[in-house]
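Structure first, then comments.
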Amino acid sequence: MTAHGRYVGVLRVSQDKSASTSVQRQRENIESYINASEFPGILVGWAEDTDVSGGLSPFNRPQLGKWLTRRVDEFDGIIAMNVDRLTRRALHFSRLHDWGRANGKRVICVSEGYDSENPQTKMKAQRAADFAEAELDAITDRIKGGVQGRLTNRSWVSGTPPMGYAIKSVPGQNRKILVRDPGYAQVMDRILQGFADGKTLNRIALELNEARVLTWSDYRLTLRGAEPRGAYWQQTTLANAVRRPTFAGIYTYKGEAVEDDDGNPILIAENPFMSFEDWSELAVRLEPQKREGKARQRISKHPLTGIALCGRCGSALGSTSVSQKHGRYHAYYRCSKRAKKGACEAKMNIRVSELEAIFDEVFDAAFSALEVTSATGDTYEGPGRRVPDIWADKDAQDRKAFLREHGVSVRVWQDLVPRAKYSAVIDFGDITGMAKAVGLRLPDGTDRLVIHYQCGEDDIPRAGGSPAPPAEHGRTDARKRGLLGAVTSPRQR
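In my numbering, the protein residues as written are 194 to 686.
Now the structure itself:
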């Protein structure tokens, strides 16, 4: 254990909202504890798990699990506000305690005063874990009882109603049903007519976009008095909505249609848009066709998906794979509005391998001269490795999480300048936090790093006006306002 350790704050809100402690309150308590003068450590990141049950093992949680299994060398301890923010299972708590002792990781729970380096505090924390487990069992029983009651009562459970429906309370009865939303009736009629005319999902979505019809999510925003986000219709979201049994007003539990004692589906809609028979035929018709022959190899997620932005319109670049006649697959980053008619004229399209090579080259050039060195005093102690080496050890999923956590954005242009096919502006975001995460000491005055690759600052306004704003991933604060300056691309030196 280092004298000046690096700590990860652990946040969790459960699936049972009423029994949860707000994330903001947890965050404030952890920050106050770390900022106390007597605490010898710094905060290097957060493991924030929302809608995660306390019964799930800490090692299996989406965010905390990554730190405990894949990013072990990036921290020296974890801090939670309460024991139940770590786990509500006594066995899981005991295993986490033993794991920390075996791996030299300090585990701290602020409210209970638990510190894994102090054996006298474990007994109190273990009792808190036992109590949390009993409370979790009681919560689970209440949830199960409530669901069974609503099933028997044939009442709409909760959440956003299916596309085209509104929720209505039945007078004199303690239940709710679905009715047609009159404000969305014309949209539903248009969609259903499209299916009746034999149109494809893609054609229906394209026509809805051309007519500037509000998506269901945007329409729901207007009902609350909020501004619509301008979301576009897509064939996948349309297919998912239509293929659900609730589209035909069928009662569902965990996604499956609920039947009565005679095997007939139970209706929860007063006047469904389709009969069960017609919906069944449509759902079969919309099932994605399976390819025969050799199964296509699944390609792992690419780290710059959602991080890279189209320089022209500012939309995120998604990744897709294209099959060619000779059997090879090529992965591309493409503007998410590329297929939306009139949405983006640039039609950004760049191979995944090429954009990631550009990013790796810039990343290596920016940080290769800076060694991860040990520091003393009120800062931290690092492991003494080069930043590019730490970056190379991360897999695609961990790289993406690292970039999002520190607010990195990559804006990409195609044919921006005559001398280059692709140009990019890479903003390394919260570089101070990034440096702390890997134990790096930055030169004095370095609080932001923006690199222009194959372009200069004067080239950007020529790309159809003002440049797109960088993506807001994570925190933006005063440390990012200072500009280190444009850096020439490694290939131009």
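No residue lacks a Cβ here, since even glycine has one placed at the ideal position from N, Cα and C.
(request) Below 6 Å CB to CB, which residues in the same chain sit around residue 669 once its five sequence neighbours on both sides are set aside? (result) Low local confidence applies: a pLDDT of 30 at residue 669 is under 50, so the model's placement there is unreliable, and no value is given.
(message) Which residue marks the beginning of the alpha helix (DSSP H) containing residue 401, and which one marks its end?
(response) Boundaries of the alpha helix (DSSP H) around residue 401: 394-403.
(message) Per DSSP, what are the beta-bridge partners of residue 265 in this structure?
(response) In DSSP, residue 265 forms no bridge with anything.
(request) Give the straight-line distance between the Cα atoms of residue 272 and residue 378, rounded to the nearest whole angstrom. (result) The straight-line gap from Cα to Cα measures roughly 51 Å.
(request) Return the CA-CA distance between residue 588 and residue 355, expressed in angstroms with no decimal places. (result) Rounded to the nearest angstrom, the two C-alpha atoms are 38 Å apart.
(message) Which same chain residues end up closer than 6 Å to residue 434 when comparing Cβ atoms and leaving out the 5 residues on each side of it in sequence?
(response) Take residue 434, set aside five residues on each side of it, and the residues of its chain with a beta-carbon closer than 6 Å to its own are 356, in chain order.
(request) Within its chain, find whatever has a CB closer than 7 Å to the CB of residue 397; leave out the 5 residues flanking it on each side and keep chain order. (result) Leaving aside the five residues that flank residue 397 on each side, the residues in its chain whose CB is nearer than 7 Å to its CB run, in chain order, 384, 387 and 431.
(message) Since residue 604 and residue 624 should fall inside the 8 Å C-beta cutoff, what is the C-beta to C-beta distance between them, to a whole number of angstroms?
(response) Not quite, the Cβ-Cβ distance comes to about 17 Å (not below 8 Å), so this is no contact.
(request) Return yes when the Cβ of residue 241 is within less than 8 Å of the Cβ of residue 256, no when it is not. (result) Contact check for residue 256 against residue 241 passes: the beta carbons are separated by less than 8 Å.
(message) Residues in the same chain with beta-carbon distance under 8 Å from residue 559, minus the five sequence neighbours each way, listed in chain order, please.
(response) Exclusion of the five residues before and after residue 559 leaves 621, 642, 644 and 680 as the residues of its chain whose Cβ lies within less than 8 Å of its Cβ.
(request) Check each candidate in 254, 227, 263 and 545 and name the one with the smallest Cα separation from residue 303. (result) Residue 303 has its Cα closest to that of 227, out of 254, 227, 263 and 545.
(request) Measure the C-alpha to C-alpha separation of residue 472 and residue 445 and round it to an integer number of angstroms. (result) Going by the C-alpha atoms only, they are around 15 Å apart.
(request) Using 10 angstroms around the beta-carbon of residue 569, count the other beta-carbons present and answer buried if the total reaches 16, otherwise exposed. (result) For residue 569, the pLDDT reaches just 41, beneath the cut-off of 50, and the residue's location in the model is therefore unreliable, although a value from the coordinates is still provided. It counts as exposed.
(message) On the criterion of 16 or more Cβ atoms from any shown chain inside 10 Å, does residue 200 qualify as buried, or is it exposed?
(response) The residue is buried, with at least 16 neighbouring Cβ atoms inside 10 Å.
(message) Taking the beta carbon of residue 309 as the centre, do at least 16 other beta carbons fall within 10 Å, making it buried, or is it exposed?
(response) Under a 10 Å Cβ-count criterion, residue 309 is classified as buried, with 16 or more other Cβ atoms of the shown protein chains found around its own Cβ.
(message) I need the boundaries of the beta strand (DSSP E) containing residue 273, first residue and last residue.
(response) Under the DSSP assignment, residue 273 falls in the beta strand (DSSP E) whose first and last residues are 270-273.
(message) Considering only their Cβ atoms, is the gap separating residue 498 from residue 512 smaller than 8 Å?
(response) For residue 512 and residue 498, yes; Cβs fall inside 8 Å.
(request) Check whether the Cβ atoms of residue 610 and residue 652 sit closer than 8 Å, and answer yes or no. (result) Using a Cβ distance threshold of 8 Å, residue 610 and residue 652 count as a contacting pair.
(request) May I have the straight-line CA-CA distance separating residue 203 from residue 259, to the nearest angstrom? (result) If I take the Cα positions, the gap works out to 12 Å.
(message) Can you look up residue 543 in the DSSP assignment and give me helix, strand or coil?
(response) Residue state for residue 543 is assigned as strand, using DSSP reduced to three classes.
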